[in-house]
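Residue 704 is where the sequence shown starts when you use my numbering, and the numbers rise one by one after that. Cβ coordinates follow ideal geometry from the N, Cα and C atoms, glycine included. Right, one structure below, let's go through it.
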Amino acid sequence: MKVILLKDVKGHGKKGQVVNVTDGYARNYLFPKNLAEEANAGNLNVLNKKNEIERKKKLEEIEAAQKEAEMLKNKEIVIITKTGENGKLFGAITNKDISIEIKKNFGLDIDKKKIDMETIKLAGTYTIDVKLYAEISVKMKVIVKAQEE
């Protein structure tokens with residue numbers, strides 16, 4: 704019997720897949736536990752529409768990430784902060800601070816988890832990696848300057 708999996712089933716497949724299982728397994732285990740539904744024409748139609756919607760959504764996300772990457776490509780962020788002796792910062796600059804600066808300078812709301820960098824503790828120039836989507840990332844320059852007193 705062909706069934707559409709509603710959840711991941713170990714040894715059979717992942718959610719949304721159409722798999723062939725024995726009639727007894729489907730009726731006695733998968734259907735009662737709401738793990739699968741029969742793969743009839745109506746259910747397959749619904750599955751195809753769902754897959755199409757997910758595919759379109761993914762393409763839109765990729766396009767949005769590419770536009771953001773173009774906006775941020777080869778851009779730099781200048782942060783002016785208080786420093787002590789030898790250019791050491793009071794505190795540190797983290798990915799959260801960079802996220803706030805990107806929002807302020809470019810109007811993009813980038814999650815701090817997508818910014819790959821080491822914590823900045825000294826004044827200077829740094830290169831950071833902003834991961835916008837799975838394979839879409841952009842390098843930016845961060846310039847940390849000492850505040851004039």
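Outcome for residue i when other beta-carbon atoms lying within 10 angstroms are tallied against a minimum of 16
i    : result
N798 : buried
I707 : buried
D800 : buried
V781 : exposed
T744 : A small fix is needed here, since residue 744 is Ala in this sequence, not Thr. Exposed, by the Cβ-count rule.
I818 : buried
M843 : buried
I796 : buried
L762 : exposed
V841 : buried
L749 : First, the residue type needs correcting, since residue 749 is Val and not Leu in the sequence shown. Flag for V749 reads exposed.
E773 : exposed
E771 : buried
Residues bridged to residue i (per DSSP)
i    : result
I818 : V833
A849 : T784
A795 : Answer is none; A795 lacks a bridge partner.
S840 : K834
K705 : N723
I882 : No answer is possible for residue 882: it lies beyond the span of the chain, which begins at 704 and ends at 852.
Close-in-space but distant-in-sequence residues of the same chain around residue i (CB under 8 Å, 5 per side omitted)
i    : result
G787 : F793
A768 : L835, Y836 and I839
E779 : M843, K844, V845 and I846
F809 : M774, L775 and K778
Proximity of residue i and residue j at Cβ, strictly below 7 Å
i    : j    : result
I846 : T828 : yes
L738 : V721 : no
L811 : I803 : no
I871 : K824 : Outside the shown range of the chain, which is 704 to 852, sits residue 871, and nothing can be said about it.
K710 : K718 : yes
Q850 : K785 : yes
E740 : N746 : yes
Same chain, Cβ closer than 6 Å to residue i, neighbours up to 5 away in sequence not counted
i    : result
H715 : V722
K815 : N798, K799 and S802
T822 : A795 and T797
Alpha helix (DSSP H) runs contained entirely in the region 748-783, provided each spans 4 or more residues: none
Could you pull out every unbroken beta strand (DSSP E) segment of at least 3 residues lying fully inside the region 715-750, listed in chain order? 721-723 and 739-741
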